[in-house]
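Enquirer: The structure follows.
Protein chains: 2
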Amino acid sequence: MTQETNQSIDDALNRHARRMMQPVNHLRHLVNQPDRISRFMLKKAGMRFDFTRHRIDTQILSLLHRCAEVKAVPSRFREMMSGNMANPTENRAALHTATRSFSHQPVHVNGTDVMPDLERERKRIRSFSEAIRNGKILGTTGKPLNTIVLIGIGGSYLGTEFVYQALQAYGKSDIPIHFLSNVDIHQFADITRRVDIETTLWIVISKSYTTPETLANEMQATALITESGLNPEQHIITVTGRNSPGDHPKDGIMETFHMYDYIGGRYSVSSAVGGVPLSIAYGYDIFERFLKGAEEMDRHACDAPGEENLPLTAALVSYWNYQFLGYRTQAIVPYAFPLRKLTAHIQQLHMESNGKSVTTEGRELPLPAGYIVFGEPGTNAQHSFFQLAHQGQPFPIDFIGVLHHRYKGAMSCSQGINNHQELWANLLSQATALAVGRQSNDAARCFPGNRPSSLLLIDEITPENIGRLLSFYEAKTVLEGFLWGTNPFDQFGVELGKVNADRVRRAIARKNSGEDDPFTTLDPMTAFYMHLLSEERP
Amino acid sequence: MTQETNQSIDDALNRHARRMMQPVNHLRHLVNQPDRISRFMLKKAGMRFDFTRHRIDTQILSLLHRCAEVKAVPSRFREMMSGNMANPTENRAALHTATRSFSHQPVHVNGTDVMPDLERERKRIRSFSEAIRNGKILGTTGKPLNTIVLIGIGGSYLGTEFVYQALQAYGKSDIPIHFLSNVDIHQFADITRRVDIETTLWIVISKSYTTPETLANEMQATALITESGLNPEQHIITVTGRNSPGDHPKDGIMETFHMYDYIGGRYSVSSAVGGVPLSIAYGYDIFERFLKGAEEMDRHACDAPGEENLPLTAALVSYWNYQFLGYRTQAIVPYAFPLRKLTAHIQQLHMESNGKSVTTEGRELPLPAGYIVFGEPGTNAQHSFFQLAHQGQPFPIDFIGVLHHRYKGAMSCSQGINNHQELWANLLSQATALAVGRQSNDAARCFPGNRPSSLLLIDEITPENIGRLLSFYEAKTVLEGFLWGTNPFDQFGVELGKVNADRVRRAIARKNSGEDDPFTTLDPMTAFYMHLLSEERP
Chain A
1 MTQETNQSID DALNRHARRM MQPVNHLRHL VNQPDRISRF MLKKAGMRFD
51 FTRHRIDTQI LSLLHRCAEV KAVPSRFREM MSGNMANPTE NRAALHTATR
101 SFSHQPVHVN GTDVMPDLER ERKRIRSFSE AIRNGKILGT TGKPLNTIVL
151 IGIGGSYLGT EFVYQALQAY GKSDIPIHFL SNVDIHQFAD ITRRVDIETT
201 LWIVISKSYT TPETLANEMQ ATALITESGL NPEQHIITVT GRNSPGDHPK
251 DGIMETFHMY DYIGGRYSVS SAVGGVPLSI AYGYDIFERF LKGAEEMDRH
301 ACDAPGEENL PLTAALVSYW NYQFLGYRTQ AIVPYAFPLR KLTAHIQQLH
351 MESNGKSVTT EGRELPLPAG YIVFGEPGTN AQHSFFQLAH QGQPFPIDFI
401 GVLHHRYKGA MSCSQGINNH QELWANLLSQ ATALAVGRQS NDAARCFPGN
451 RPSSLLLIDE ITPENIGRLL SFYEAKTVLE GFLWGTNPFD QFGVELGKVN
501 ADRVRRAIAR KNSGEDDPFT TLDPMTAFYM HLLSEERP
Chain B
1001 MTQETNQSID DALNRHARRM MQPVNHLRHL VNQPDRISRF MLKKAGMRFD
1051 FTRHRIDTQI LSLLHRCAEV KAVPSRFREM MSGNMANPTE NRAALHTATR
1101 SFSHQPVHVN GTDVMPDLER ERKRIRSFSE AIRNGKILGT TGKPLNTIVL
1151 IGIGGSYLGT EFVYQALQAY GKSDIPIHFL SNVDIHQFAD ITRRVDIETT
1201 LWIVISKSYT TPETLANEMQ ATALITESGL NPEQHIITVT GRNSPGDHPK
1251 DGIMETFHMY DYIGGRYSVS SAVGGVPLSI AYGYDIFERF LKGAEEMDRH
1301 ACDAPGEENL PLTAALVSYW NYQFLGYRTQ AIVPYAFPLR KLTAHIQQLH
1351 MESNGKSVTT EGRELPLPAG YIVFGEPGTN AQHSFFQLAH QGQPFPIDFI
1401 GVLHHRYKGA MSCSQGINNH QELWANLLSQ ATALAVGRQS NDAARCFPGN
1451 RPSSLLLIDE ITPENIGRLL SFYEAKTVLE GFLWGTNPFD QFGVELGKVN
1501 ADRVRRAIAR KNSGEDDPFT TLDPMTAFYM HLLSEERP
C-alpha cells in the first residue's frame, strides 16, 4: 500500500516536472507571482529560507510534503532524535542532536540513558578548557599553552574548522588553532615552522584511533615534542572512542575526551570533537551558545509541521531538483568571508552521508542518491565559475547571506556604497540574473535563465546562528537520506580503498625493511609506480 | 566536407561509447591489458600523463586524435601562440604563452611585435622586486617592506595563490603574501590585524581597474594607510592595463606594471599579475624558472605530434568523458599539500573558459560545453567526498602525484612506512579501487568500479614543475575549447549579473544619501531584502 502510494506520488511529481519544462513555467514568470514571497519563504528558529527562485509551485510543494509523510520521513527523524537505531547497517543510534540537548530529558539507547555521559563530557570540557585558558595547566617548561595544533582528518576537523573560522568574525580566538589534516609531510613542516613547540597543545582526534593519516601525524608530532626536550604528557590530548588505542591518559597523553559510537565523524562538531578545541580557543561559554543555537534548530526540525519546517522543506526542494528535474550538482555560495569553510564541510556531510546506491533494506536504487556539492564564497565565485552557471550546464545554488556585519572600524564608500552593501548588491543580482536571464539577438550574450537558487539568511555571525546553520544542514542531509531510503550514517564506500591501501602499505614496509622484490603482490600499475618511487633520486 | 567528417567521427565515437558500456569493456578488464602502460602513458616535457584508467582503447584514441585534426585544433593552438586573433568575439589575440617566451622570436599582433613590451615588463619586475628585497625601496617610516597584501579577485589572484602556496614547499618566501580577494569587510579585518601596516606593500591587481570589489578594498586600504600616517605612494603599487584608471604612478601609487589586452585574467599568472608578487616574495630568479618550465610545456603543446602531446591527449580524454560518456563533473585531487590551491585555480580556468553554449560562429551547441570542476587535496578527499565517488554517481578524477618530497627533517614511520609513502599508498589504492571495484553479496558493500581517473605526475615541487603543471592545464583548457568550437577567452556570461548589480548599487547609494523610497526601481524580491537590510538593527 505504501509502496503504491510512493509510486503514485513519484508519477505525479514526474508529470509536474514535465510541466515545469514548459516555457510558461520558466522562473522568470514564477518569480513574478504576487504571492511568491509569502508562500515560498520560511522564517523560523532564527533563520530564513527563501526558495522563491526554485522551479516549484504550491501543487508540487504540497506533493513533496505528502511524499515525505508517506515515507515517514518526519517520524524517522523524531525516532533518530529519541535514540532509536537510525543506523541499522552498523546497528547504532545516531545521536549528534543529543550532544546539544540541554532539556535534561533522558535519551535512551538500548535502555541506557546517554545524557549523563554527554553532560559529564561537557563539564570536563568546560573545566579543562578553563584550566588551559587560565594557565592552570602549563607546558613542560612552565609556559602557558597558547596555540593548538589539531591533528585529525575528514569529520574530525572539517566541521570544527568551519565553526572556528566563522567565529573569528564574532570574537578573535585567544588561542589559535592550526589544522593538521593532510598526511603530506609538507603540511607538518608548514605548521611546525609557524608555531612555538614549547607553548603548543596538540589535540589528536580520531574516533577509532586507527586512522593511518592521523596516527602518522601524531607519531611525527610526538617525535618533535620529545626531540624538543618536552614531555608529550604535557602537550598532547586526545578525543576518541572509549577504549580505543588513543584512550590512554597518562600514557604519553595528558587527557582524553570521549566521543561515542552513536555520533558519526561528519556529525560530530557539537560533541567533544568540536567542543574541546573550540572551548579552548574561544572559551566554553561561546561553545555552549553555539550548541544552544543548534539545539533550537534541532527542536524546530523535529517539531515543526512539514510546511513550516526549514530543513525538511529544504531537503524536499533538493530532492525535487535532483530526482525530478535532473540536477546532479549543487553549489553552496556563502556571501560571507567568515563562512568560507562551510562548503567544504557540507560537501563532506552530504556526499559521505548520501552518496549511496542502496537503500537501508539493501535494495539497489534505480538512480544513485546524492549530488556533488561544491562552491566558493561570493563574490569570489562570480569571478571564477559563475560563467558556467549562467551560460553552461545549469545547477542549483544555495546562496547564504548575513544581514548585518560585525566590523567595528570605519568603512569607506566606493561608488556610494560600502563593502557590506557591495556583497548584498551582488548576491541579489546574481540570484535574479540566474532565474530571469536575458534575451539577446547576439547568441553569445544570451542568458537562458531558469537557474534555481535558494537564499538562506542569518542575521549576523553569532555562536547561536552558526549553531543553527550547522544544525540546519545536518538535519537537511539526514532528511534527504530518509527521502532516498538510504542510511545517511554509514560509509561502506570508503572500505575498498582502505583494504587496497593496506596491501600497498605492507609492500612498501617490506621494501623499507630491505626485502628483495617486495612488489610482486601488487597489480602491475601499482607496481610500476612503486618501482618509480624506489628509484634513486637523480 | 569538414562538417560531414566531424559528423562521421562523432557518429563513430558514439558507437564506441555504446560499446564501452558493455561489461566486457569494464575498466577492470581494460587495466589488465598487457600493453596498457606503454600505450596509455605519456612522458614528455618533464611530466607524466597516465590515462591507463580511462574507458578508452586504441581505436577510440585514434578517432579522438582524428577529431582534433579535422577540427584543426592543433593548428588553431599554433596560430594562437603566433599572435593570430584567437579571441574573435573580443577581437583580441590570446598570448599568455608569449609572457614566458625566452626565444627572442617576435610575436606579432596586428603587425606589431609584442615581445619588447613583455620583456621590458620582466626587466622592470626584476629590478623593482630586487629593490624591495634589498631594502632600496622602503616604506614611509624608512622600514623595509616585508609583507605583501595582494588585492585582486578571480584571475587576478587565484593562479598566483596556487603558485605562491606551491613554492612554499620549495623555499619559504622571504616576504609573505596575504590575498585580499573578498569584498566582505571581515576579510579586510582578518588580514589587517595580522600585518604591520608600516611595513606592508599593497599590490592592487585589476586589468580594467574598474572591478568593484577590488576598488572597494583599495579604497579601504588607502584610508587605513593614510590614517596610519603613511603615504600611499610609498605603500601601493598596481598591476593593470595601460591607461586604465589604476595606471597612475606618483598619483597615490608608487609604481604600475602593465598587463595587456591579449592576456586574459585567468591566463595571467605568468604576466606581471603573478610576476610582481611572486618575484617580491621569492626573488625574480625563482619566477623566471617557473616561466621557463611553463615555456617548455607550451613548446611541447605546440610542437609535439598529437599522440605524444600531453595537453592535447588530456583534452581529448576529457572531451570523450564529457561528450560521449556523459560525465558532467570532473574532480582534481592533488595528493600533495603544496598543490592545495591548484583545484580552485583550474576550476576558474576551465569553468570560465569553457562554460559556454555558443560556438565562436554564434551557433548554439546541442549540449552546453564545460564541466563542473571541484576537488580537495588527497588523502583529505577520501575522508570527505570519496564515498560518493565509489558508490554514488561516477565522475572522472585527475589524481596528481609528486614523486619526491622536499622535507628536510626526519620522518617517522607509522605502520612501517613514512608520511610520503602513506600518501602514495592511498593515491594508487584509490585509483585502483575506483577502476576495478569489488563484487559482494552484500549490496551495501558492493563497488561497481568502472570509474575513470588520470594520474598526472611531477618529479618534485620545483619552480619549473609548477610552471609545467600550470601550462599543461592552460593548454588543455584552450584545446578543449577548440574541440567544442567555443571561444575559451571571452566571458560574456558574467555580464548580466554586473548590469543587475549596477542597478542595485545605485539604489543603495540613493538610500545612503537619504533619498526617500530609493528601491522602487528594483524587482520585488530584491526590494524585499533591501528593506530588510535597511531596517534598524535590533
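Protein sequence lines correspond, in order, to chains A and B. Using the working numbering, the letters of the first sequence map in sequence onto residues 1 to 538. Using the working numbering, the letters of the second sequence map in sequence onto residues 1001 to 1538. Every residue gets a Cβ at the ideal spot worked out from N, C-alpha and C, and that includes glycine.
1) Could you tell me which residues DSSP pairs with B/V1109 in its beta bridges?
2) So B/V1276 and B/I1236 are in contact, right, with Cβ under 8 Å, and what is the actual spacing, rounded?
3) Name the one or two DSSP bridge partners that B/G1401 has.
4) Between B/Y1284 and chain A, is the shortest Cβ-Cβ distance under 7 Å, so that the two count as touching?
5) Can you name the residues of chain B whose CB is closer than 8 Å to the CB of A/E364?
6) What does the alpha-carbon distance come out to for the pair A/F162 and B/S1412?
7) Along chain A, which residues have their Cβ under 9 Å away from the Cβ of B/W1202?
8) State whether the region 220-227 of chain A contacts the region 260-278 of chain A, with contact taken as three or more CB pairs (one from each stretch) at a distance under 8 Å.
9) Measuring CA to CA, which of B/M1115, B/R1468, B/L1455, B/S1357 is closest to A/D442?
10) Return the CA-CA distance between A/L533 and A/G437, expressed in angstroms with no decimal places.
11) Buried or exposed: A/T616, going by 16 or more other Cβ atoms within 10 Å of its Cβ?
12) When the Cα atoms are used, what is the spatial distance from B/Y1282 to B/M1115?
13) With a cut-off of 8 Å on the beta carbons, I'd call B/I1332 and B/L1342 a contact; round off their distance for me.
14) Would you call the region 116-124 of chain A and the region 495-512 of chain A touching, i.e. three or more CB-CB distances under 8 Å?
15) Which of helix, strand or coil does DSSP assign to B/K1613?
16) Considering only their Cβ atoms, is the gap separating B/T1199 from B/I1153 smaller than 7 Å?
17) Just tell me which of B/F1128, B/A1093, B/P1023 has its CA closest to the CA of B/D1490.
18) Return the CA-CA distance between B/Y1319 and B/L1483, expressed in angstroms with no decimal places.
19) Between the region 395-407 of chain A and chain B, which residues of the former have CB atoms less than 9 Å from a CB of the latter, in chain order?
20) Are the CB atoms of B/Y1371 and B/Q1323 within a distance shorter than 7 Å?
21) Going along chain A in order, which residues have a C-beta closer than 8 Å to the C-beta of B/V1358?
22) Hey, is B/F1399 close to the ligand NAD, as in C-beta under 6 Å from one of its heavy atoms?
23) Please state whether the Cβ-Cβ distance between B/A1301 and B/P1311 is less than 7 Å.
24) Give me the residue from A/G155, A/E376, A/L325 with the minimum Cα distance to A/T211.
25) In the DSSP assignment, the alpha helix (DSSP H) including B/L1145 goes from what residue to what residue?
26) Quick check on B/M1041: does DSSP put it in helix, strand or coil?
27) Is it right to say B/L1457 is buried, meaning 16 or more other beta carbons lie within 10 angstroms of its own, or is it exposed?
28) Do you know offhand how far A/N321's Cα is from B/F1337's?
29) Residues of the region 419-431 of chain A in Cβ contact with chain B at a cutoff of 7 Å, in chain order, please.
30) Quick check: B/F1492 and A/A433, are their CB atoms within less than 7 Å of each other?
31) On the DSSP bridge assignment, give the partners of A/G467 in chain order.
32) Taking Cβ to Cβ, would you say B/S1181 is nearer than 7 Å to B/Y1209?
33) Since B/P1463 and B/Y1170 should fall inside the 8 Å C-beta cutoff, what is the C-beta to C-beta distance between them, to a whole number of angstroms?
34) How would you list, in chain order, the residues of chain E whose beta-carbon sits under 9 Å from the beta-carbon of B/T1058?
35) Give me the Cβ distance between B/E1151 and B/L1145, rounded to the nearest whole Å; I'm assuming they're in contact under 8 Å.
36) Can you name the residues of chain A whose CB is closer than 8 Å to the CB of B/E1495?
Expert: Straight from the coordinates:
1) B/T1112
2) At roughly 12 Å, the Cβ-Cβ gap does not stay under 8 Å, so B/V1276 and B/I1236 are not in contact.
3) B/L1457
4) no
5) A1443
6) 30 Å
7) Those do not exist, as B/W1202 stays about 14 Å from chain A at its closest Cβ, beyond 9 Å.
8) no
9) B/S1357
10) 52 Å
11) Since the first and last residues shown for chain A are 1 and 538, residue 616 of chain A lies out of range.
12) 24 Å
13) 7 Å
14) no
15) No answer is possible for residue 1613 of chain B: the residues shown for chain B start at 1001 and end at 1538.
16) no
17) B/A1093
18) 8 Å
19) F395, G401, V402, L403, H404, H405, R406, Y407
20) no
21) Q391, A443, A444, C446
22) As for the ligand NAD, it is missing from this structure, which has no ligand bound.
23) yes
24) A/G155
25) Unbroken run through B/L1145: none, as it is neither H nor E.
26) strand
27) buried
28) 35 Å
29) N419, H420, Q421, E422, L423, W424, A425, N426, L428, S429, Q430
30) no
31) Answer is none; A/G467 lacks a bridge partner.
32) no
33) 6 Å
34) The question asks about chain E, but that chain is absent: this structure's protein chains are A and B.
35) The residue asked about is misnamed: residue 1151 of chain B is Ile in this sequence, not Glu. Actually they are not in contact, since the Cβ atoms of B/I1151 and B/L1145 sit about 15 Å apart, beyond 8 Å.
36) R445
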